[in-house]
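Participant:
2 protein chains.
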Amino acid sequence: MGQEYLNVKFKETGHSNMYFPQFIPYSFIEKEASHVEGFSPELALVTIGGGKELEEKLVVRPTSETIVNHMFTQWIQSYRELPLMINQWANVMRWEMRTKPFIRTLEFLWQEGHTAHATPEEAEKEALQMIDVYTKFAYEQAAIPVIAGRKSKAETFAGAACTYTIEAMMGDRKALQAGTSYNLGQYFSRAFGTQFSDENGQRQYVWQTSWAVSTRFVGGIIMTHGDDTGLMLPPRLAPIQVVIVPIWKKADERTGVLNAAISVEKLLKTAGIKVKLDESEQRTPGWKFNFWEMKGVPLRIEIGPRDVATGSVVVSRRDIPGKPGKDFAVSMEHSALEAHVKSRLEDVQASLLQRATSFRDSNIVDASSYEELKRAISQGKWARGPWSASDAKELKVKEESGATIRCFPFDQPQGWKTCFMTGNPADEVAIFAKSY
Amino acid sequence: MGQEYLNVKFKETGHSNMYFPQFIPYSFIEKEASHVEGFSPELALVTIGGGKELEEKLVVRPTSETIVNHMFTQWIQSYRELPLMINQWANVMRWEMRTKPFIRTLEFLWQEGHTAHATPEEAEKEALQMIDVYTKFAYEQAAIPVIAGRKSKAETFAGAACTYTIEAMMGDRKALQAGTSYNLGQYFSRAFGTQFSDENGQRQYVWQTSWAVSTRFVGGIIMTHGDDTGLMLPPRLAPIQVVIVPIWKKADERTGVLNAAISVEKLLKTAGIKVKLDESEQRTPGWKFNFWEMKGVPLRIEIGPRDVATGSVVVSRRDIPGKPGKDFAVSMEHSALEAHVKSRLEDVQASLLQRATSFRDSNIVDASSYEELKRAISQGKWARGPWSASDAKELKVKEESGATIRCFPFDQPQGWKTCFMTGNPADEVAIFAKSY
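Going down the list, the sequences are from chains A and B.
Note that my numbering has the first sequence beginning at 50, numbered continuously upward.
Note that my numbering has the second sequence beginning at 50, numbered continuously upward.
1) Report the rounded CA-to-CA distance for K445/B versus E86/B, giving the unit in angstroms.
2) Using 8 angstroms as the threshold, is the C-beta distance between A475/A and S437/A below it?
3) Give me whichever residues DSSP pairs with G434/A in a beta bridge.
4) With I454/B as the anchor, note down where its alpha helix (DSSP H) starts and where it stops.
5) If T243/A sits next to I125/A, beta carbons under 8 angstroms apart, how far is it from one beta carbon to the other, in whole angstroms?
6) Just confirm the distance between the C-beta atoms of G198/B and P458/B, as a whole number of angstroms; I'd bet it's less than 8 angstroms.
7) Going by DSSP, name the residue or residues bridged to W499/A.
8) Where do the ends of the beta strand (DSSP E) carrying Q190/A lie?
9) Using a Cβ-Cβ cut-off of 7 angstroms (strictly less than) and excluding sequence neighbours within five positions of L394/B, which residues of its own chain qualify?
10) Quick one: what's W336/A bridged to in DSSP?
11) Quick one: which chain B residues come within Cβ less than 8 angstroms of V109/A?
12) According to the Cβ coordinates, are N118/A and H64/A closer than 8 angstroms?
13) Taking Cβ to Cβ, would you say E204/B is nearer than 8 angstroms to T471/B?
14) Return the CA-CA distance between Y410/A and L402/A, expressed in angstroms with no decimal places.
15) Opposite P474/A in the DSSP bridges: which residues?
16) Exposed or buried, E161/B, counting other C-beta atoms within 10 Å across all chains shown (16 or more means buried)?
17) I want to verify the contact list: residues of chain B whose CB lies under 8 angstroms from the CB of R303/A, in sequence order.
18) Evaluate contact between the stretch 295-307 of chain A and the stretch 371-390 of chain A, counting only Cβ atoms and requiring at least three cross-stretch pairs below 8 angstroms.
19) Where Q380/B and Q190/B are concerned, what is the direct C-alpha to C-alpha distance, given to the nearest angstrom?
20) Could you confirm whether any beta carbon from chain B is found closer than 8 angstroms to the beta carbon of E156/A?
21) In the DSSP output, what is K375/A paired with across the bridge?
22) Chain B beta carbons: is any one of them nearer than 8 angstroms to that of N140/A?
23) In the DSSP assignment, find the unbroken alpha helix (DSSP H) run with Y54/A in it and report its ends.
24) Taking DSSP as the reference, what is the three-state secondary structure of Y485/B?
25) The alpha helix (DSSP H) spanning R285/B covers which residue range?
26) Mind pulling the chain A residues with CB within less than 7 angstroms of Y68/B?
27) With a threshold of 8 angstroms, are at least 3 pairs of Cβ atoms found where one atom belongs to the stretch 240-256 of chain A and the other to the stretch 101-120 of chain A?
28) Assuming the contact rule is C-beta atoms closer than 8 angstroms, S201/A and A479/A should be a hit. Round their C-beta distance to whole Å, please.
29) According to DSSP, simplified to helix, strand and coil, what is D301/A?
30) How would you call Q71/B, buried or exposed, if buried means at least 16 neighbouring beta carbons within 10 angstroms?
31) Between R147/B and chain A, is any beta-carbon pair separated by less than 8 angstroms?
32) In whole angstroms, give me the CA-to-CA distance for G99/A and A139/B.
33) Any beta carbon of chain A sitting closer than 8 angstroms to that of F59/B?
34) Kindly indicate which three-state DSSP category G429/A falls into: helix, strand or coil?
35) Starting from the beta carbon of R129/A, find every residue of chain B whose beta carbon is closer than 9 angstroms, and list them in chain order.
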């Protein structure tokens, strides 16, 4: 879901897919101080291999900066090899105490990008570019109106110079960090000795980035668009965009209805639409309606004997349940049906984004005092307000309200700002929320 | 490489992609007797998680039959859920003592299909269907003329009723088992209690299959087509099908050459060809020629100042080195160039398959006596001969010649056959070879 789209974007922006070993010698993890501190409580360790106790424990990768740097030191000699920009699709393991499906799991699937550059400017540009790729993916494919921005120092990943994030508002109004891009500076290159000879023959440490989205994003889609009936998938990411349910009662209706259903399936497939004909005779049409609604299929096409007679079908939208979302008597005629379905899929895509955007905007409060912030948070909302206070004050907000700074959004209001906590001038507004 | 093609084929044949946990409780592995016997010497075990010794060791999956059956028991209630047909793309771990890049590695990537059926006939049909998918993939995409067939009883995977295989001849004439499909019978369903209620309400064990190709196949491509210069990738699987190398000496030639190269790149990209313009100025054209030949790119396009003047380019084939493989003065004109490149890519694809097929056929000897077999094997060739002898005799062949039965090919010669070992009647010929 989305892997193909992201692969195209990664390649367009100059990255190659590679794969690195999943088992990492424990000594690698220890090389970067803040890295080992951050991850050591969460590691799964292999101590027995091929029936024997291992001399050195192996870490099941929680992320790959260490092994990537180990390889980069062997691949990079001079500025000619830079920038080196790779991506890996992989599973990672973090020993979480409290798990939640898709959001916080012991094992998850992700892509992790890793790049090495000759200058800090290039690394910064890359980190920003990739958070932009994620932002567009969220809006255009997943219909999730994320807010992109920079993490506060307190919330920045240990081992990174700067952390960029996309933050999504779930249906319960908690924030989900849905994608992350790190400007790693030289933390890892200094720890691993990842150096290159510049054009003057001087040895320099590379400047690095890493960036990732994971199966957590799938959780984000479920919790953004889903309702009590089940999933509601944005058409551009749905593995099945249209399900066809044939309906008949009398045996002599069967062939006519099925033939019509098969020809509609063929027509839509030829038009590049991901279509599923549910022709199983072991389930009733009502059972199938519920099943495919739960699965979040954006459009359903019903075909019964009367439809066959009139040469039409009924098209229903998952996002508008019941009669209001139904187009009765859509012509079965080739070009008419194709155009109708394509346009309805676009309607669903746009309407999911619009609905999520309205929901988000009606649940963000502009706070000009700490009291207002606390009130907004206690109502389950997000708060946005000018902030230039200390890390200690940030911790105080967290302890008293349960909310953290999700990000300083890239998109900032114009004009003079005063920190709502201290009354001092503030360069930026920050967004505060409770989060997963 | 090939993942997209296989995913389409898997979906066309009714399978859904899923993902199962990589860590498997040790007790699961112990449930199927021959399974634990086969895999226990090769397991990597996680004994520490989140800083604590685990109560039950976790196996890092060597394959997923056990965890799949654990889930299937929860998903399958009645015949209505059957057939259940899934595929997983995943990494697996086997603690190999002697490793060889791509062919035998501690960690490898693969797809593993797992299916459950109501009848043994359906399972057998599925196992055969999937080895056929692999066979077509090998011929049509990888240009590898594999021989598909059934493993002998002695070589059948423990825990399977029947093993189907595709066997490929490498450049050193060793055999590589490049893909496998198992009819698992009820071994796992009985061990795990994977049952369904049939139409009469009777509880029955499901009949299962599993099938896999892995990164080993990449090794097969390298060792089938590669030469002393490096890789030689079949165009249909090559991540880069055409590399463009611009060539100039004088500074005032640069813009003209680069503009021409960019427009050729654009033209080919629009035509759906995977093209790479190597415009870096840090390397010489000669360096680039060697580099991209080593990487196995099927076609190279050179553009120099004279080509720009005449509106033409030079096209070289990777599989025919030097002047014989060069088309000089191919028109840069849109439709002419597109047609030329597409046709040359097809030429390379066909020629790789033809070359590998000739090589294979000239290295298989029809043996009508054990002496002939041993001679063929000692010359590094494969031997094919009628076989109906015992498992003990099969072991004797292995011990004396180093060759094993690779398969009884589906494609059998007509007519009466006499076992070359015993002189008894034989139903089939078998293929013997040394293997990886």
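Yeah, the Cβ is synthetic: ideal placement off N, Cα and C, and Gly gets one too.
Facilitator: Let's see:
1) 24 angstroms
2) yes
3) A479/A
4) Where I454/B is concerned, there is no enclosing alpha helix (DSSP H), although the beta strand (DSSP E) it sits in stretches over 453-458.
5) 6 angstroms
6) 4 angstroms
7) This structure gives no information on residue 499/A, because the portion of chain A shown stretches from 50 to 485.
8) No beta strand (DSSP E) contains Q190/A, which DSSP labels as neither H nor E.
9) P284, Q290, P347, L348
10) Answer by DSSP bridge pairing: none, since W336/A is not bridged.
11) V95, V109
12) no
13) no
14) Correcting the residue identity first, residue 410/A is Asp in this sequence and not Tyr. Those two C-alpha atoms are separated by around 12 angstroms.
15) T467/A
16) buried
17) Going along chain B, no residue has its Cβ under 8 angstroms from R303/A, so there is no contact; the nearest lies around 19 angstroms.
18) no
19) Looking at the sequence itself, residue 380/B is Ser, so the reference to Gln does not match. Approximately 29 angstroms between the Cα atoms of the pair.
20) yes
21) S365/A
22) yes
23) 52-61
24) coil
25) Neither: R285/B is in no alpha helix (DSSP H) and is coded neither H nor E.
26) L158
27) yes
28) 7 angstroms
29) helix
30) buried
31) no
32) 21 angstroms
33) no
34) coil
35) S329, Q331, R332
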